[in-house]
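For reference, the structure is listed below as structure tokens.
Numbering (the numbering used here), first residue to last: 1 to 360.
Encoded structure:
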């Protein structure tokens, strides 16, 4: 590792063979932190690949095996749910592009191994959004946001419908028409993403983003999203995608060019910077140099280094400023997503709602 913390989770995923020498207290710390960051199944699979699970002490081995079983069950459930979504939208006649974890899974990417899922994300043309929503509701999905403010917030300003939940299976679906909010400062063109998407083998109606767009979406999600709880997992996703997809012919030269086309040069710069620093991701020097076009001013870069490098560490490893760093990134993400007046209104509504919930 070039720079960054030697915390147990990153240590485990980078050098799993050395885990067999861990003491029980070290295992307790690793299991706790890996579970909190949704990475315990990945640790289990890393050991499994080396045939080392039987050499793990009984107590932590039980947790590893349970996490591995849960990850497999979730992957099977996602495949079934994708099939339900596919059948439900068959009559709509528009491209349905799977995003993030579900896309990695159906595309057969190693990034999906051991991944924990909370929902499925799809991208559809904005012009078809009403038809897609109506069709899904006919097949049992219903909106989870019932207040007028929440409905207006999603439908006027966000890049997705209010989250949908299936009434019988209790599964969650996020229907996107863009990968960043309408009001965001960065504006990647959804039409370009849809046009370059690729069909899923054996699933003629389903599609996934092309490889470079997968990486850029992952970068945009990590560095423009207010939910920083899975930041370490998302950075590991980026590392895995870059290692696996980087072997495709023309991938690296197209990656930086495509970032410019989609207005995502800054997220790509951060993605490569922290993947290399924390995970030693093998990015060609010429690509790192080309990504400098998205480099922020030195002062801002220093601030972001401080915030991200603390936030990306698991709880329990990060220092006492980690909570402040996470809070700062939360505000930053909203700042990138909304103009100032709208942001002030939105944060005020959320604060009043929290106070009301406490009083209730």
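For glycine and all other residues, C-beta sits at the position ideal for the given N, C-alpha and C.
Reduced DSSP category for residue 267 - H, G, I as helix; E, B as strand; rest coil:
Here residue 267 refers to the residue found at position 267 of the chain shown. DSSP places residue 267 in helix when its eight states are reduced to three.
Pairs of beta-carbons, one from the segment 118-133 and one from the segment 84-98, closer than 8 Å: are there three or more?
yes
The segment 226-237 in contact with the segment 180-198 per 3-pair CB rule at 8 Å
no
DSSP three-state assignment for residue 1, whether helix, strand or coil:
Position 1 of the chain shown, counted from the start, is the residue given in the question as residue 1. Since pLDDT at residue 1 reaches only 40, below the 50 mark, its modelled position is unreliable, and the value read off the structure follows with that caveat. In the structure shown, residue 1 sits in coil (DSSP, three-state: anything other than H, G, I, E or B).
Would you be able to state if there are at least three C-beta pairs under 8 Å between the segment 246-259 and the segment 201-214?
yes
Would you mind sorting residue 294 into buried or exposed? The rule is 16 or more other CB atoms within 10 Å of its CB.
The count along the chain shown starts at 1 and reaches residue 294 at position 294. Classification for residue 294: buried.
Measuring CA to CA, which of 35, 23, 48, 51 is closest to residue 57?
Your numbering for residue 57 matches position 57 in the chain shown. For residue 57, the nearest C-alpha among the options comes from 23.
Note down, one range per segment and in chain order, each alpha helix (DSSP H) of at least 4 residues found wholly within the segment 217-267.
231-245, 251-261
So is residue 104 buried or exposed if we call it buried at 16+ other beta carbons inside 10 Å?
Reading the chain shown from its first residue, position 104 is the one you call residue 104. Counting Cβ neighbours within 10 Å, residue 104 comes out buried, since at least 16 surround it.
Would you grab the beta carbon distance between residue 13 and residue 236 for me? Rounded to a whole angstrom, and I think it's under 8 Å.
Start at 1 with the first residue of the chain shown, and residue 13 comes out as number 13. Start at 1 with the first residue of the chain shown, and residue 236 comes out as number 236. At roughly 7 Å, the Cβ-Cβ gap stays under 8 Å, so residue 13 and residue 236 are in contact.
Residue 2, buried or exposed, once every other Cβ within 10 Å from all chains shown has been counted against 16
Sequence index remark: in the chain shown, residue 2 carries index 2 (1-based). Note that residue 2 scores a pLDDT of 44, beneath 50, so its modelled location is shaky and nothing firm can be said.
Can the beta-carbon of residue 66 be found less than 7 Å from the beta-carbon of residue 114?
In the chain shown, counting from the first residue as 1, residue 66 sits at position 66. In the chain shown, counting from the first residue as 1, residue 114 sits at position 114. The answer is no: Cβ separation not under 7 Å.
Could you check if residue 160 is buried or exposed, using at least 16 other CB atoms within 10 Å of its CB as the buried criterion?
Here residue 160 corresponds to residue number 160 of the chain shown, with the count starting at 1. Answer is buried; the Cβ neighbour count reaches 16.
Can you tell me whether residue 185 is helix, strand or coil according to DSSP?
For the purposes of this step, residue 185 is identified with residue 185 of the chain shown, where counting begins at 1. Here residue 185 sits in coil by DSSP.
Can you check DSSP and say which residues form a bridge with residue 172?
Taking the first residue of the chain shown as position 1, residue 172 is located at position 172. DSSP lists 165 as partners of residue 172.
Do you know offhand how far residue 164's Cα is from residue 203's?
The sequence position of residue 164 within the chain shown is 164, counting from 1. The sequence position of residue 203 within the chain shown is 203, counting from 1. Computed Cα separation, rounded: 23 Å.
In whole angstroms, what is the alpha-carbon distance linking residue 7 and residue 32?
Translated into the one-based positions of the chain shown, residue 7 becomes position 7. Translated into the one-based positions of the chain shown, residue 32 becomes position 32. Near 12 Å, if we compare the C-alpha coordinates of residue 32 and residue 7.
Residue 6 (DSSP reduced to helix, strand or coil):
On the chain shown, residue 6 is found 6 positions in, with the first residue counted as 1. With a pLDDT of 49 at residue 6, under the threshold of 50, the modelled position of this residue cannot be trusted, and the question is left open.
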